[in-house]
DNA sequence: CTCGACTCCTGTTAGC
DNA sequence: TGCTAACAGGAGTCGA
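In my numbering, the protein residues as written are 2 to 261.
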């Protein structure tokens with residue numbers, strides 16, 4: 002599913018949409034427009050302009066227009082970015098294997114005939130003008146140990162719930178969280194504030210490795226734990242039974258033996 | 001402010 | 001074969 006890694010791949014694909022004259026906006030699904038955003042407002046903001054930057058903050062993709070407007074794109078769990086008919090990513094866990102144009106929820110057309118569109122079967126993504134970037138925590142690709150210590154490894158809540166809180170660190174989704182905690186040998190259900198400094202440092206080391214691996218391998222479904230995210234599976238590391246629980250409201254797999 | 005529970009969305013799949 | 005129910009998770013809201 003689209004987590005920070007997929008959105009970074011989308012961001013790179015969106016660079017092909019920069020510095021092209023925007024001729025029209027297609028917003029056939031008003032549900033997909035969030036906050037006060039309307040199709041007319043988006044068109045008024047960007048038609049006649051160009052996008053001059055494609056930025057990413059956590060799972061939010063931000064396209065800056067030449068006159069200073071910002072267009073925020075969210076992809077939920079099944080959204081794909083398609084630029085000039087070319088999908089930015091081939092496979093999305095939990096999304097449909099089909100790729101049906103009827104799932105196009107939003108598009109920006111360019112005067113040269115190309116376009117940028119969001120194709121989202123389950124409509125959990127969205128488009129918002131002038132998104133509130135300050136509401137998101139430090140981006141997962143550049144988060145520092147100090148930020149993790151201050152914002153994540155605090156309180157009684159399960160550490161995984163903390164990791165999924167986008168206001169603390171932005172960009173971690175369910176699959177990244179499970180993979181990093183599994184590699185780092187940390188129990189997802191253990192309270193966030195109970196970890197030692199050496200655990201916190203080990204977590205950051207594995208977080209960076211997982212992000213690099215997932216980017217290289219093409220998405221957040223490429224983890225070593227991923228094949229075992231099924232009922233009754235055993236830990237790929239030590240063969241112990243895997244636990245399947247709800248932690249932070251999400252299905253969570255962890256090793257009963259080596260995650261403490 | 002914190003935090004868990006609930007709700008939304010719909011394609012896919014398991015089970016009868 | 002055809003149907004229903006469960007399932008998936010990102011994000012917003014609400015009440016304690």
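In this text, a Cβ means the ideal position worked out from N, Cα and C, and glycines have one as well.
Computed from a predicted model, the values in this text were never measured in an experiment.
Rounded C-alpha distance that separates residue i from residue j
i, j, result
"residue 224", "residue 234", "15 Å"
"residue 196", "residue 189", "11 Å"
"residue 83", "residue 19", "14 Å"
"residue 256", "residue 236", "6 Å"
"residue 200", "residue 32", "42 Å"
"residue 124", "residue 76", "8 Å"
"residue 112", "residue 126", "26 Å"
"residue 148", "residue 169", "9 Å"
"residue 246", "residue 258", "15 Å"
"residue 13", "residue 119", "15 Å"
"residue 128", "residue 153", "28 Å"
"residue 85", "residue 132", "25 Å"
"residue 2", "residue 216", "13 Å"
"residue 173", "residue 73", "18 Å"
"residue 115", "residue 183", "42 Å"
"residue 40", "residue 70", "14 Å"
"residue 134", "residue 143", "16 Å"
"residue 156", "residue 52", "41 Å"
"residue 261", "residue 187", "5 Å"
"residue 231", "residue 34", "35 Å"
Nearest-angstrom beta carbon gap, residue j and residue i [assumed within contact, 8 Å]
i, j, result
"residue 56", "residue 63", "4 Å"
"residue 171", "residue 141", "6 Å"
"residue 99", "residue 88", "The Cβ separation is near 12 Å, so there is no contact."
"residue 44", "residue 107", "The pair is not a contact, with the Cβ atoms about 12 Å apart (cut-off 8 Å)."
"residue 177", "residue 5", "7 Å"
Close Cβ partners of residue i (< 8 Å) along its chain, the five nearest in sequence each way excluded
i, result
"residue 162", "193, 248, 249, 250"
"residue 159", "189, 190, 191, 192, 193, 248, 249"
"residue 42", "130"
Cutoff 6 Å; reference residue i; Cβ partners in own chain excluding five residues on either side
i, result
"residue 175", "251"
"residue 50", "23, 66, 67, 68"
"residue 227", "none"
"residue 11", "62, 82, 89"
"residue 222", "94"
Cutoff 7 Å; reference residue i; Cβ partners in own chain excluding five residues on either side
i, result
"residue 122", "79, 96, 97, 104"
"residue 181", "204, 207, 208, 211"
"residue 238", "256, 259"
"residue 242", "235, 257"
"residue 150", "201"
C-beta atoms of residue i and residue j nearer than 8 Å
i, j, result
"residue 137", "residue 59", "yes"
"residue 25", "residue 110", "yes"
"residue 54", "residue 117", "no"
"residue 254", "residue 166", "no"
"residue 202", "residue 146", "yes"
Distance cut-off 7 Å: residue i Cβ against heavy atoms of the ligand PLP
i, result
"residue 152", "As presented, the structure is devoid of all ligands, the ligand PLP included, so that no description of it is given."
* **3 or more residues per run - each beta strand (DSSP E) lying fully within the stretch 18 to 105** => 23 to 27, 52 to 58, 61 to 66, 71 to 75, 81 to 84
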